[in-house]
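J.: Have a look at the structure that comes next, please.
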Amino acid sequence: MRRDAWQLINFERFEAIPAALARPRGSATARILARSEWLLRRKSDGRFLAAVGPARALVPLDPAGRRLLRTLRQLLPALRGRRPADTLPLVSMHAALAELAVPPDYGTQRGLALVAEPRGLAFAGVDRYRRPLWLTPGAARGWRRLQAAARADGVHLDAISGYRSHAYQLGIFRRKLARGQTVAEILAVNAAPGYSEHHGGDALDIGTRGEPPAEESFERTAAFAWLARRAGEFGFTMSYPRDNPHGIVYEPWHWRHRDTAAPRRAFSVAAATPPPAPASPA
Ligand SMILES: [Zn+2]
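Position one of the sequence shown corresponds to residue 12 (the numbering used here), numbered consecutively onward.
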């Protein structure tokens, strides 16, 4: 598979990534993946389930993959050709939020909407931790151009985090509940699963060399000054400036890409609503 064609193919519970991008732990798995095209993994915990060979042969990589073989086989036709540029349905996210007892008016209170996951994401290079960075094709192009323009100006920018799935965010939420935190306590710090701009694949957290990730001190760097001046040329805007109406803490590192020059969607929080406690979708 050509590097510029690398994609993440997104399904409700599973995702396929090019086998060349997988980072297997064991050598047996590494050998199988070396002669495969795709890796199918579970979204909730990233577990490697099966590899897909050149002739669409499905090779289970662990007992869970073996049990799911029939289900995984149904995904194979979607690994061919181009992905539709639409999003996955939100049905199961609504069910998960109800099960977790997230208040039904959470979105209205915060002026946030549920963000659907794209069916396909483009490879946008690697992040600071050498993990693949996945973004929508437009955001991936915009990020590569922005990063190159900054480099030409002597400014180093790296990505901390791009697309994140609902399942991943639900996993964080469930682990905190299991440790005894209440829903209210978690929502005071984290955005509810489903409401992060990272789910849509057009937002990313940006950092620079020598700076810890996702800290307010980023605003005092040359990298931030450059972004503030130039990011707009590449379609990026800061989502959570100081005193934003979502009650989300100031996040100078979080930028969202828009393909068109359309203005940002109107905030839906009524002016009379007192801002809730700051929450960080990170
Ligand atoms: Zn972010």
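All residues carry an ideal CB built from backbone N, CA and C; glycine is no exception. Being a predicted model, the structure only gives us computed values, none of them experimental.
Please classify residue 140 as buried or exposed, where buried requires at least 16 other C-beta atoms within 10 Å of its C-beta.
T.: Position 129 of the sequence shown, counted from the start, is the residue given in the question as residue 140. Answer is exposed; the Cβ neighbour count stays below 16.
J.: Following the continuous beta strand (DSSP E) through residue 172, name the residue where it begins and the one where it ends.
T.: The residue given as residue 172 occupies position 161 in the sequence shown. Residue 172 -> beta strand (DSSP E) spans 169-172.
J.: Return yes when at least one heavy atom of ligand 1 lies under 6 Å from the C-beta of residue 265, else no.
T.: Indexing the sequence shown from 1 puts residue 265 at position 254. Indeed, a heavy atom of ligand 1 lies less than 6 Å from the Cβ.
J.: Does the beta-carbon of residue 216, which I'm using as the reference point, lie nearer than 6 Å to any heavy atom of ligand 1?
T.: On the sequence shown, position 205 is the one that residue 216 refers to. Within the cutoff, so yes.
J.: Just to confirm my understanding: we take residue 235, look at its own chain, exclude 5 residues before and 5 after, and list those with CB closer than 7 Å. What are they?
T.: Start at 1 with the first residue of the sequence shown, and residue 235 comes out as number 224. Excluding positions up to five away in sequence, the list reads 229 and 263.
J.: Where does residue 52 fall in DSSP's three states?
T.: In the sequence shown, counting from the first residue as 1, residue 52 sits at position 41. Correct three-state label for residue 52: strand.
J.: Three or more beta-carbon pairs under 8 Å between the region 247-265 and the region 205-224, yes or no?
T.: Counting Cβ pairs under 8 Å, three or more are found: they touch.
J.: Which residues bound the beta strand (DSSP E) around residue 180?
T.: For this step, residue 180 is matched to residue 169 along the sequence shown. Here residue 180 belongs to no beta strand (DSSP E); instead the alpha helix (DSSP H) covers 177-189.
J.: Pick from 23, 24 and 269: whose alpha carbon is nearest that of residue 148?
T.: Stepping through the sequence shown from its first residue, residue 148 is reached at position 137. If we check each option's Cα against that of residue 148, 269 comes out closest.
J.: Would you identify the three-state DSSP class for residue 29, choosing helix, strand or coil?
T.: Start at 1 with the first residue of the sequence shown, and residue 29 comes out as number 18. Residue 29 falls in the strand class under three-state DSSP.
J.: Buried or exposed for residue 85, please, with buried defined as at least 16 other CB atoms from any protein chain shown within 10 angstroms of its CB.
T.: Locating residue 85 in the sequence shown gives position 74, where the first residue counts as 1. The residue is exposed, with fewer than 16 neighbouring Cβ atoms inside 10 Å.
J.: Taking residue 258 as the reference, which of 119, 78 and 267 has the closest Cα?
T.: As a position in the sequence shown, residue 258 is number 247, starting the count at 1. Checking every option, the nearest Cα to that of residue 258 belongs to 119.
J.: Could you tell me the alpha carbon to alpha carbon distance between residue 130 and residue 31, rounded to whole angstroms?
T.: For this step, residue 130 is matched to residue 119 along the sequence shown. For this step, residue 31 is matched to residue 20 along the sequence shown. Taking the straight line joining both Cα atoms gives about 20 Å.
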